[in-house]
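Protein chains: 2
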Amino acid sequence: MNNEKITKRDEDFAAWYTDICKSADLVDYSSIKGSMIIRPYGYAIWEEMVNVLDREFKRLGHQNVQMPMFIPESLLNVEKDHVEGFAPEVAWVTHGGNTKLEEKMCVRPTSETLFCDHFKKIVKSYRDLPILYNQWCTIVRWEKTTRPFLRSREILWQEGHTLHATEEEARKETLQMLRVYENFQREYLAMPVIVGKKTDKEKFAGAVETYTIEAMMYDGVALQNGTSHYFGQGFADAFGIKFLNKDNKLETPYQTSWGVTTRMIGGLIMTHSDDLGLVLPPKIAPIKIAIIPIKVTDSVNAEIDKLKDELDQSNITYMVDNSEKSAGYKFAEAEVKGYPIRIEIGPRDLENNQVTLVRRDTLEKIMVSTLEVVDKIKSLLEDIQTNLYNRALKRRDEMIYNLNTYEEFREMSEKTGGFAYVNWCGKAECENKIKDDLGLKSRCIPFENHEPDGKCICCGEDAITKIYFGKQY
Amino acid sequence: MNNEKITKRDEDFAAWYTDICKSADLVDYSSIKGSMIIRPYGYAIWEEMVNVLDREFKRLGHQNVQMPMFIPESLLNVEKDHVEGFAPEVAWVTHGGNTKLEEKMCVRPTSETLFCDHFKKIVKSYRDLPILYNQWCTIVRWEKTTRPFLRSREILWQEGHTLHATEEEARKETLQMLRVYENFQREYLAMPVIVGKKTDKEKFAGAVETYTIEAMMYDGVALQNGTSHYFGQGFADAFGIKFLNKDNKLETPYQTSWGVTTRMIGGLIMTHSDDLGLVLPPKIAPIKIAIIPIKVTDSVNAEIDKLKDELDQSNITYMVDNSEKSAGYKFAEAEVKGYPIRIEIGPRDLENNQVTLVRRDTLEKIMVSTLEVVDKIKSLLEDIQTNLYNRALKRRDEMIYNLNTYEEFREMSEKTGGFAYVNWCGKAECENKIKDDLGLKSRCIPFENHEPDGKCICCGEDAITKIYFGKQY
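Structure representation (structure tokens):
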């Protein structure tokens, strides 16, 4: 049985994670070091994510485009901070066929430079603004160590790139898109997330402000699960993007970018899954229901046919396991795959006009009349979604430590995962010291509850804000 | 006005084509030689294509996956014919960050080798077959000369890769997917296509049989607009893919691959568009209707609001041009963009409870009662779809020449575009001679009407089939 191969989560979290990825058929390793294969079930989860987000982006007026995947070295070099941030981790194309290129090009690690190069050509007047673009594509970052979905040389993602006539509008867009990510992750992924601002040290290369969605995994380690950047006029200045305002004067526009990646699948796994396999929130699960015949009889087949019709009518996705395996094996398979509900249908139960529903989140078994199966499924799917969110929220809150002394801070960093919630003076020296000393990076200055209530936990000077620190993936 | 910039189609077809691509805002050139930017309107057409095809692939049991984008040189080298076909036109990555790679890798020009490498690991028994995979992605081919959508260094496409227990099943899949492309192009793109088999000379590198969809453009030049390959066991043998059959014996599976690309957008343009701009078949047009107020008054605005509601209810996409431009300018814009119908709404007409509909395909103006606008639109959209297909079919058939002598063949090749439909002995020598001598490549041996009715047009020996020849994009 597939789930016998899964390492226990509390014994070795890293091994458990890769076991889940493999056992649930989400990914496979390839012969290409650092690149993974996203298998059909993993890709179906990504497609669910893409569908929801793409609809929301479009509802808010964004349009999809496709930029080149290569960036010539000279183009990457235009914005100074940006090239310093990315040049060490790009893949360089040096030859086309047998011919050496005049200028080497990297495979895009992100596309700010490409969008700017295009914006410069198409933006003439205030009538052309705002430009609200998004791109779904693959990017490449030459990582040394990789893990499925979390850190990979090739990443599937979306990158929004927008250009605005005013700072106010650009700042509003930056925060609007962060909220889109936040709502999506709470509502669909059932992930409680902390929303806030990155410190200067942790900002995106070239950004004025970086905002972030920070999630905490089951092991207490932080996952940055989406970012939204306000660029001000930095890129536009470097690329010479100008527009004629209503008074016919040249102005420099204001810019944003924002992105989420397949990393969200990793976050989903490390938030909800367990020793039996994947656990998927119903709203993002590609298949909501596993229908498993305990024994194949005419009455069982008839009940399955009836159920399929009813589920189709309600637009609830399902799979039927008609393989020759034992019922027990099929149950275990359904658990590994994380289908939110499985329906066990046997001739004995059917004599009493009943079937058994099993919730994946709690493994609770529920007998239900064959007349009420689909109604019960609908309410159960909602219950499971809510329960997963609340369970993750509770666990996360238990692992947020409101600390007052550096000794407590050190102890927490040595003893356990989780987030430290501390007062900070705002100086990079303290942030650096905490990283070097305790191995913890700043996560974010939260939007909510960031008023300081003591002195800086590191230097003892006046604090300007509360801030989260934690280990990160 | 944008369409004043469009070269006349009959004066310079190549210039006309690029003018359409630019004027209709489908693409822009980038700073990266050979790579184009697909702008929102062009990308929206691609999204329409993807949606229809993806739904059909899934209905037929295919699943989407995502393979790595890089192929190490040694992996590309596994299948001999394949590497010879592709190695001269790949982009090579030689460095990751500052470090030279131990083995160079190319950016995938196609992914047979990657799929085979994966299949080898996941296929164990007949129970694992068939494997029906598809991938939407970008591929790279280092072309010397490029044209928007038709020939580009980066190509958006889908590639289906399937593995079967029997030759019969694999051959059936190959033809089934070719028929999917054929039906899609006829029904949605309103393109009359010739379906048939490639000669050995024109086969895909590594295929046993290549089947093709051949379309003829307005200028008589052929566009290969989709291919489906039967691989037999060649790749499986080269990669050592085996499965245990029902008798527990090792067997080698049979394989297919099939693909279409953004080139279909080029085909769409060169089939239907005219001197005024793009012409899009309604079933693939992202925006079906342009609503243009002749003058902004309360009654005009009220009518527009009513119309928008009715179109929303009927799921008909539209745009409203509320810009400050003149009505004449807006009409021309709508023509450049190829919206299938434009609705002109003016206060004078409204006094008689009428609006004007203008068909993009014929430019015919139709007065219609405000009570019947949406009904009329629905029937007009169907008419336009049919008319575009019939118009293209008529033109194509007029440019298919049933030739009997080599002199006629030479004359046709010098005088005009179009397809020559000739008897052929089946020998590569004749095919090569025709190419070297007349500059025409074989298009395909059609499934229908291929029985020879004379001697080979080249050597005069017995013919084995009728075949199409033509110039190609």
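Chains D and W, in that order, are what the protein sequence lines are. Letter 281 of the first sequence, counting from 1, is numbered 281 in the working numbering, and no numbers are missing. With positions in the second sequence counted from 1, the corresponding number in the working numbering is that position plus 1000. Every residue, glycine too, gets a C-beta built ideally from N, C-alpha and C. As the structure is a prediction and not an experimental result, all values here were calculated from the model.
Give the interface partners of residue i over in chain D, defined as CB-CB distance under 8 angstroms, in chain order.
i, result
"residue 1040 of chain W", "63, 64, 65, 133"
"residue 1047 of chain W", "64"
"residue 1043 of chain W", "63, 64, 65, 66"
"residue 1117 of chain W", "30, 31"
Let me know the secondary structure DSSP gives residue i once reduced to three states.
i, result
"residue 1379 of chain W", "helix"
"residue 1036 of chain W", "strand"
"residue 230 of chain D", "strand"
"residue 294 of chain D", "coil"
"residue 447 of chain D", "coil"
"residue 442 of chain D", "strand"
"residue 1 of chain D", "With a pLDDT of only 48 at residue 1 of chain D, under 50, the local geometry of the prediction cannot be trusted, and no value is derived from it."
"residue 1316 of chain W", "coil"
"residue 1106 of chain W", "strand"
"residue 42 of chain D", "helix"
"residue 223 of chain D", "strand"
"residue 431 of chain D", "helix"
"residue 1471 of chain W", "coil"
"residue 69 of chain D", "coil"
"residue 1386 of chain W", "helix"
"residue 455 of chain D", "strand"
"residue 1098 of chain W", "coil"
Below 6 angstroms CB to CB, which residues in the same chain sit around residue i once its five sequence neighbours on both sides are set aside?
i, result
"residue 1008 of chain W", "1275"
"residue 1445 of chain W", "1196, 1197, 1465, 1467"
"residue 1258 of chain W", "1160, 1177, 1228"
Let's see if you can read the secondary structure: which residues bound the alpha helix (DSSP H) around residue i?
i, result
"residue 299 of chain D", "298-313"
"residue 176 of chain D", "167-187"
"residue 523 of chain D", "Any answer about residue 523 of chain D is impossible in this case: the structure gives chain D only from 1 up to 473."
"residue 1329 of chain W", "1327-1337"
"residue 1264 of chain W", "1263-1272"
"residue 80 of chain D", "80-86"
"residue 1114 of chain W", "1112-1122"
Less than 8 angstroms between the CB atoms is what I'm expecting for residue i and residue j, so what's the real figure, rounded?
i, j, result
"residue 1068 of chain W", "residue 32 of chain D", "5 angstroms"
"residue 1237 of chain W", "residue 1417 of chain W", "Residue 1237 of chain W to residue 1417 of chain W, Cβ: 42 angstroms. No contact."
"residue 105 of chain D", "residue 149 of chain D", "The pair is not a contact, with the Cβ atoms about 27 angstroms apart (cut-off 8 angstroms)."
"residue 1140 of chain W", "residue 1159 of chain W", "Incorrect: roughly 13 angstroms between the Cβ atoms, too far for contact."
Mind checking which residues open and close the beta strand (DSSP E) that includes residue i?
i, result
"residue 1215 of chain W", "1209-1216"
"residue 1074 of chain W", "From DSSP, residue 1074 of chain W is part of no beta strand (DSSP E) but of the alpha helix (DSSP H) over 1073-1076."
"residue 413 of chain D", "Run containing residue 413 of chain D: none in the beta strand (DSSP E); it sits in the alpha helix (DSSP H), 406-415."
"residue 1241 of chain W", "Neither: residue 1241 of chain W is in no beta strand (DSSP E) and is coded neither H nor E."
"residue 1287 of chain W", "Premise fails: residue 1287 of chain W is in no beta strand (DSSP E) and is neither H nor E."
"residue 1163 of chain W", "1154-1164"
"residue 1351 of chain W", "It is not in any beta strand (DSSP E) - residue 1351 of chain W instead sits in the alpha helix (DSSP H) that spans 1347-1351."
"residue 1402 of chain W", "1400-1402"
"residue 1425 of chain W", "That residue, residue 1425 of chain W, is in no beta strand (DSSP E); it is neither H nor E in DSSP."
"residue 1132 of chain W", "1131-1140"
"residue 357 of chain D", "354-359"
Give me the chain D residues within the contact set of residue i, using Cβ-Cβ distance strictly less than 7 angstroms, ordered along the chain.
i, result
"residue 1329 of chain W", "Neighbours of residue 1329 of chain W on chain D: none; closest Cβ ~14 angstroms, over 7 angstroms."
"residue 1257 of chain W", "Neighbours of residue 1257 of chain W on chain D: none; closest Cβ ~17 angstroms, over 7 angstroms."
"residue 1035 of chain W", "68, 70"
"residue 974 of chain W", "Nothing can be reported for residue 974 of chain W, as the shown portion of chain W is limited to 1001 through 1473."
Could you tell me which chain W residues have their CB closer than 7 angstroms to the CB of residue i, listed as they occur along the chain?
i, result
"residue 96 of chain D", "1091, 1142"
"residue 69 of chain D", "1138, 1154"
Within the same chain, show all residues whose beta-carbon is closer than 8 angstroms to that of residue i, passing over the 5 residues directly before and after it, in chain order.
i, result
"residue 1319 of chain W", "1287, 1289, 1290, 1291, 1339"
"residue 1122 of chain W", "1128, 1131"
Go through its chain and collect everything with a Cβ distance to residue i's Cβ below 7 angstroms, but skip five positions before and after it.
i, result
"residue 397 of chain D", "none"
"residue 1019 of chain W", "1005, 1006, 1007"
"residue 205 of chain D", "81, 82, 84, 85, 86"
"residue 1383 of chain W", "none"
"residue 75 of chain D", "113, 117"
"residue 452 of chain D", "423, 463, 464, 465, 466"
Please list, in chain order, the chain D residues whose beta carbon lies closer than 9 angstroms to that of residue i.
i, result
"residue 1075 of chain W", "31, 32"
If the cut is a Cβ gap below 8 angstroms, which residues of chain W does residue i touch?
i, result
"residue 293 of chain D", "Residues of chain W passing the Cβ test: none, with the nearest at roughly 18 angstroms."
"residue 88 of chain D", "1097, 1098"
Does any heavy atom of the ligand SAM sit closer than 7 angstroms to the C-beta of residue i?
i, result
"residue 1227 of chain W", "The model on display carries no ligand, and the ligand SAM is accordingly not part of it."
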